[in-house]
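Peer 1:
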Amino acid sequence: MPFGESSGRPSSEAEAFVQTEATGADVVEETEPEVDRQERIRDLKLCLAEYLELKSPEDAERITFVRAADLSEEFGEQFRFLNDERLNEALVAVVPDELWHKGGQPSESSADRGMILFRGGYYDGEEDGARDPSAWMTHELAHCQRSIDVGDDGYNQESEMQVFDDLGPDTYPNNRVEEQAFGRQFAYLKAKKVGREKITELLGEHYGPDDFRFLDRILDRVYGS
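Going by this note's numbering, the first residue of the sequence shown is number 386, and it counts up by one from there.
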């Protein structure tokens with residue numbers, strides 16, 4: 386799910402530290418030089434320091450970044466499912482639980498920045514040791530993919546463009562970018578033999594009956610009505 390735009394610029398002290406995470410994923414050729422990536426991570430930390438309203442530069446130091454092409458295990462499977470090398474340099478920011486601000490929602494994306502945020506506990510598999518049983522990584526990568534497909538302006542337009550006219554413009558997530566993201570997410574889960582009832586159960590932790598008026602139609606497309 387996209388997060389809001391930041392305004393202004395936090396203190397440059399937030400640039401003091403950059404940390405990256407090494408994983409056991411298959412090696413994928415890097416298309417972004419390491420120096421450029423580190424500079425990009427510093428800029429993203431400045432953005433996050435303001436967006437998350439971090440109290441000190443030390444808090445920003447605790448956020449780790451993982452290159453999408455370096456994701457391992459379940460997350461790596463989701464990255465490979467999309468089969469899109471343009472996503473190689475998307476960055477996943479893993480935010481410690483105590484710095485997270487979206488409550489129970491485990492993830493969100495800033496597609497125009499090629500950045501995905503995950504709450505640390507969920508990313509690490511807090512739920513019975515299962516990492517991302519709802520495939521939110523696929524969902525957020527699909528947001529980044531759509532931004533690449535149509536550009537920033539096109540993405541912003543699609544985020545305001547409703548899919549089902551009878552649901553009305555105020556029914557979230559009734560818009561084109563969420564249509565694609567949930568479609569990819571459900572397709573991955575179906576490929577992993579996750580049943581529709583289980584998906585409904587997992588999504589029920591975050592969405593109510595009005596939301597399911599939209600979600601059920603996307604599920605119908607993937608699983609059949």
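Glycine included, each C-beta is placed from N, C-alpha and C at the ideal position.
Because the structure is a prediction, the values reported are computed rather than measured.
Which whole-angstrom value is the C-beta distance of residue 520 and residue 570, which I expect to be below 8 Å?
Peer 2: 5 Å between Cβ atoms; contact.
Peer 1: Note down, in chain order, each residue of its chain lying with its Cβ closer than 6 Å to the Cβ of residue 564, except the 5 sequence neighbours on either side.
Peer 2: Answer for residue 564: 548, listed in chain order.
Peer 1: Determine, using beta-carbon pairs with one atom in the region 465 to 474 and one in the region 435 to 451, whether at least three such pairs fall under 8 Å.
Peer 2: Verdict: no, contact absent.
Peer 1: Return the CA-CA distance between residue 445 and residue 508, expressed in angstroms with no decimal places.
Peer 2: Computed Cα separation, rounded: 18 Å.
Peer 1: Assign residue 516 to one of three DSSP states: helix, strand, or coil.
Peer 2: It is coil, neither helix nor strand.
Peer 1: Which of the three DSSP states, helix, strand or coil, is assigned to residue 478?
Peer 2: If DSSP states are grouped into helix, strand and coil, residue 478 belongs with the strands.
Peer 1: Hey, is the region 523 to 532 in contact with the region 484 to 503, meaning 3+ C-beta pairs nearer than 8 Å?
Peer 2: As far as the Cβ criterion goes, the region 523 to 532 touches the region 484 to 503, which means the pair count is three or higher.
Peer 1: Can you tell me where the alpha helix (DSSP H) holding residue 574 begins and where it ends?
Peer 2: Counting along the chain, the alpha helix (DSSP H) containing residue 574 begins and ends at 561 to 576.
Peer 1: DSSP three-state call for residue 502: helix, strand or coil?
Peer 2: DSSP places residue 502 in strand when its eight states are reduced to three.
Peer 1: At a Cβ threshold of 8 Å, is residue 609 touching chain D?
Peer 2: No chain D appears in this structure, which consists of one protein chain only.
Peer 1: Report buried or exposed for residue 477, applying the criterion of at least 16 other Cβ atoms within 10 angstroms of its Cβ.
Peer 2: The residue is buried, with at least 16 neighbouring Cβ atoms inside 10 Å.
Peer 1: Alpha carbons only, please: which of 522, 504, 538 is nearest the one belonging to residue 458?
Peer 2: Cα-wise, what sits closest to residue 458 is 522.
Peer 1: Look at the alpha carbon of residue 604 and the alpha carbon of residue 545, and state the distance between them as a whole number of angstroms.
Peer 2: Answer to the nearest angstrom: the Cα atoms are 21 Å apart.
Peer 1: Between which two residues does the alpha helix (DSSP H) containing residue 544 stretch?
Peer 2: Note, residue 544: alpha helix (DSSP H), 521 to 544.
Peer 1: DSSP state of residue 586, grouped into three classes?
Peer 2: Helix at residue 586.
Peer 1: Which residue comes first and which comes last in the beta strand (DSSP E) that contains residue 451?
Peer 2: Its beta strand (DSSP E) spans residues 449 to 452.
Peer 1: Could you give the distance in angstroms between the alpha-carbon of residue 542 and the alpha-carbon of residue 588?
Peer 2: Taking the straight line from one Cα to the other gives about 26 Å.
Peer 1: Considering residue 493, what are the terminal residues of the alpha helix (DSSP H) in which it resides?
Peer 2: Element bounds for residue 493: not the alpha helix (DSSP H) but the beta strand (DSSP E), 492 to 495.
Peer 1: Measuring only the C-alpha atoms, how far is residue 434 from residue 479?
Peer 2: If I take the Cα positions, the gap works out to 13 Å.
Peer 1: For residue 407, name the three-state secondary structure that DSSP assigns.
Peer 2: Because the pLDDT at residue 407 is just 37, under 50, the model does not fix this residue reliably, and the value given afterwards should be weighed accordingly. It is coil, neither helix nor strand.
Peer 1: Answer yes or no: do residue 489 and residue 591 have a C-beta to C-beta separation smaller than 8 Å?
Peer 2: It is a contact, given that the beta carbons lie within the stated cut-off.
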